[in-house]
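Under the numbering used here, residues -6 to 162 are what the sequence shown spells out, in order. We put the beta carbon where it would ideally sit given N, CA and C, even for glycine. Before any comments, here is the structure.
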Amino acid sequence: MFDFSVTVSCLLNIKKERIWNKISTPGIVHHYHPFCKENPVIVWNGDDSVDEIIYDNDLIYRREFTAWYDGIGYDLLIKYKENVFAEVFWHISEIDNHVNELRITLKPRLKNILPKTPRFVRWIPYYFFIRWQMKKYLAHVLRGFEIYITTGIKVKLNQFGSHRFYSKN
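Now the structure itself:
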């Protein structure tokens, strides 16, 4: 079986507690996410938390948190119209006293993303197109997070370039 997950990480010269405080704060995703224009919170209660990401192109995904590891990270589902599009895992790892790695892993549910594509060929558009778009997306999110956490400055929409899935074209 194929592993369709995509992982992107960054090293931050910032204390683990500070990173955790930012990624676990409700409603601030649009401060560091370069394709998110709004981040309304539905419920914020640890592993029962729910919020939405409203993208630049007005697409709305719901994030439903499934596990919450205080000080370490969380797991969540990305939903679009009740279909689970992906599982996402945010994790902070301490490299040494002053350096921490923030890692995001995305595991897409191809049957929901490409429902009309026959199962045996779903890997083709995934490996040749979707995977690269997801890597670019996650890299831009982490780049925005690094800027926001180090400077306190909110990133602009499409600050690092547009995205085929989430930007107005």
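- Separation of the CB atoms of phenylalanine 78 and arginine 102 is rounded to 6 angstroms, and the pair is thereby assigned contact status at 8 angstroms.
- By the criterion of a C-beta distance shorter than 7 angstroms, arginine 55 is surrounded in its chain by Val43, Glu45 and Lys72, once the five residues flanking it on both sides are discounted.
- The three-state reading of DSSP puts asparagine 90 in coil, since its state is none of H, G, I, E or B.
- The Cβ-Cβ distance between leucine 70 and serine 2 does not fall below 8 angstroms.
- In the same chain as glutamine 126, and ignoring 5 residues on each side of it, the C-beta atoms closer than 8 angstroms to its own belong to His156, Arg157 and Phe158, in chain order.
- Secondary structure at aspartate 40: helix, using DSSP grouped into helix, strand and coil.
- DSSP, reduced to helix, strand and coil, places lysine 30 within a strand of the structure shown.
- Among the bridge pairs identified by DSSP, alanine 132 is matched with none.
- In terms of Cα proximity to lysine 100, the closest of Pro19, Glu87 and Asp68 is Asp68.
- Excluding sequence positions up to five before and after aspartate 40, its CB lies within less than 6 angstroms of the CB of Phe58, Ala60 and Trp61, all in the same chain and listed in chain order.
- Note that the segment -1 to 13 does not touch the segment 22 to 42; fewer than 3 beta-carbon pairs, one per stretch, sit closer than 8 angstroms.
- Here histidine 23 is not near tyrosine 141, since their CB atoms are 8 angstroms or more apart.
- A straight line joining the alpha-carbon of tryptophan 37 with that of tyrosine 48 spans about 20 angstroms.
- Residue state for phenylalanine -3 is assigned as coil, using DSSP reduced to three classes.
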